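Right, one structure below, let's go through it.
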Amino acid sequence: ADKEVIGNQTAGEYYRSLVGTLGNRIQGVSFLRSNQEKIVGHLEMQRQSVSGVSMEEEMTRMVLLEQAFTAASRLVSIADELTQTVLQLI
């Protein structure tokens, strides 16, 4: 027979109680996290509507600027190579 080990509970009863308590706490934390994510999403939408900035438009602009930077960087690189070639010919 199971012997009382912890308080007035057997090891099995204590384990089941512990698992139940942990399950309830995890469920509570998951609920809080879900609510916080909804609040953050709502606040983000409000911030965007107030600022008039669309994240999609900003990302598109950032990609275009990145492409322009890459092109300018290639031009500088080509100019450097041409300068090196001219200096070697002299």
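Sequential numbering from 71 applies to the sequence shown in my numbering. From the three backbone atoms N, C-alpha and C, an ideal C-beta is built for every residue, glycine too. Just so we're clear, the structure is a prediction, and the values are computed from it rather than from any experiment.
Per DSSP, the unbroken alpha helix (DSSP H) holding residue 148 starts and ends at 125-159.
In this structure, the CA atom of residue 150 is about 16 Å from the CA atom of residue 139. For residue 78, there is no enclosing alpha helix (DSSP H), as DSSP gives it neither H nor E.
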